[in-house]
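The numbering of the sequence shown is the UniProt record's numbering, which starts it at 1 and goes up by one. The beta-carbon is built from N, C-alpha and C at its ideal position, and this holds for glycine as well.
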Amino acid sequence: MALTLEKDYIDYFTNNREEFQESLLSEAQNVRGKIEEILLIGNIDLLSNAHKLVMYTIQGKDDELESFAKIEGVSWASHSLTLAFKLEWVQAIRRTIWKYLQEFDKLNQIDLDSDRFFNIERQINDRIDKFLNELFLSYSEYKDKLIESQRALVENLSVPIIPITATVCVLPLIGSIDTYRTDTIEEKVLMEISRLRIGTLVIDLSGIAQMETEVIEHMMKVIEGANMMGCECVITGLRPEIVRKVTSIGLNFESKAQTKATLQQALEDYLK
Numbered sequence: 001m002a003l004t005l006e007k008d009y010i011d012y013f014t015n016n017r018e019e020f021q022e023s024l025l026s027e028a029q030n031v032r033g034k035i036e037e038i039l040l041i042g043n044i045d046l047l048s049n050a051h052k053l054v055m056y057t058i059q060g061k062d063d064e065l066e067s068f069a070k071i072e073g074v075s076w077a078s079h080s081l082t083l084a085f086k087l088e089w090v091q092a093i094r095r096t097i098w099k100y101l102q103e104f105d106k107l108n109q110i111d112l113d114s115d116r117f118f119n120i121e122r123q124i125n126d127r128i129d130k131f132l133n134e135l136f137l138s139y140s141e142y143k144d145k146l147i148e149s150q151r152a153l154v155e156n157l158s159v160p161i162i163p164i165t166a167t168v169c170v171l172p173l174i175g176s177i178d179t180y181r182t183d184t185i186e187e188k189v190l191m192e193i194s195r196l197r198i199g200t201l202v203i204d205l206s207g208i209a210q211m212e213t214e215v216i217e218h219m220m221k222v223i224e225g226a227n228m229m230g231c232e233c234v235i236t237g238l239r240p241e242i243v244r245k246v247t248s249i250g251l252n253f254e255s256k257a258q259t260k261a262t263l264q265q266a267l268e269d270y271l272k
């Protein structure tokens, strides 16, 4: 439902658009200096969008307001613009709307009764709050999807299975390995064995300095799973620290996989 005197309000805000924008910028001092920067970063026209928000609010276009909020949320999230900055801007718009409604009533000598005032107050503030709520939800959903896609990319890069021949692949592991990463390794290894029909998987551990007991035990299970799928595993590059840890807990890689001193040695055997 649109506001009472909707057409008069629209004409007033439209005819005084430049003055409204200047008043708005004086309400949001932190925004004034970043108008051009944000336009360049994300092609986001803050002043034009502020006018659109005002028009949707006055006209009671709730569906358009919701759609606009979702678009704004994605735009701000995709360009890493902060929600605190956006909140300051929208609250400045809210204050400026009320300032101009008051000026309109004075100019037209309209004496608001309490019922009409509170009805207008509820409609305007409810719509702006709804806009903010939808914008925050849209922003958060986009960020969550972005984080998830980045996490999946990192996980994929952290388990780089490299084909060497039609049936031989290499899995070079570097950095630290925790239980979360071994879960990722297990999932990726078993999926790629099936997809690529890997007959031999060379797992190079020369880039791993330490392994905790639970990680070693999990890696053993990864090798067992690969063996069950008909894939032979070859372990290369075991460091003395890891060998000592493996033997101290009574395990033995050689019972489940071949071992070679270096990746180069293993590749020479399979590339002859």
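Span of the alpha helix (DSSP H) around residue 193: 179-196
Residues in its own chain within less than 6 Å of residue 278 by CB, not counting five upstream and five downstream? Outside the displayed span of the chain (1 to 272) sits residue 278, for which this structure offers no information.
For residue 13, does the count of other Cβ atoms within 10 angstroms reach 16, so buried, or fall short, so exposed? buried
Could you tell me the distance, in whole angstroms, from the CA atom of residue 56 to the CA atom of residue 149? 34 Å
Flag this pair as touching only if the stretch 99-107 and the stretch 41-50 have three or more C-beta atom pairs under 8 Å; answer yes or no. no
Chain-order list of residues whose beta-carbon lies under 8 Å from that of residue 221 (same chain, five-residue window excluded): 186
If I follow the unbroken beta strand (DSSP E) through residue 174, where does it start and stop? 168-174
Where the beta strand (DSSP E) containing residue 223 begins and where it ends: Taken as a continuous stretch (DSSP letters only), residue 223 belongs to no beta strand (DSSP E), being part of the alpha helix (DSSP H) at 213-228.
Are the stretch 237-247 and the stretch 187-207 touching by the rule of at least three beta carbon pairs closer than 8 Å? yes
When you compare only the Cα positions, how much space is there between residue 214 and residue 253? 14 Å
Starting from the Cα of residue 131, find the closest Cα among 217, 30, 232 and 91 and give me that residue. 91
If contact is defined by three or more beta carbon pairs under 8 Å, each pair taking one atom from either stretch, is the stretch 47-61 in contact with the stretch 14-26? yes
Can you name, in chain order, every residue of its own chain whose Cβ lies under 7 Å from the Cβ of residue 70, other than the five neighbours on each side? 134 and 138
Quick one: what's residue 163 bridged to in DSSP? 169
Residue 201: buried (16+ other C-beta within 10 angstroms of its C-beta) or exposed? buried
DSSP-derived helix/strand/coil call for residue 210: coil
Please state whether the Cβ-Cβ distance between residue 225 and residue 190 is less than 8 Å. yes
When the Cα atoms are used, what is the spatial distance from residue 7 to residue 151? 50 Å
Excluding sequence positions up to five away, which residues of its chain have a Cβ less than 7 Å from the Cβ of residue 95? 27
Any idea if residue 209 is buried or exposed, counting beta-carbon neighbours within 10 angstroms, 16 or more meaning buried? exposed
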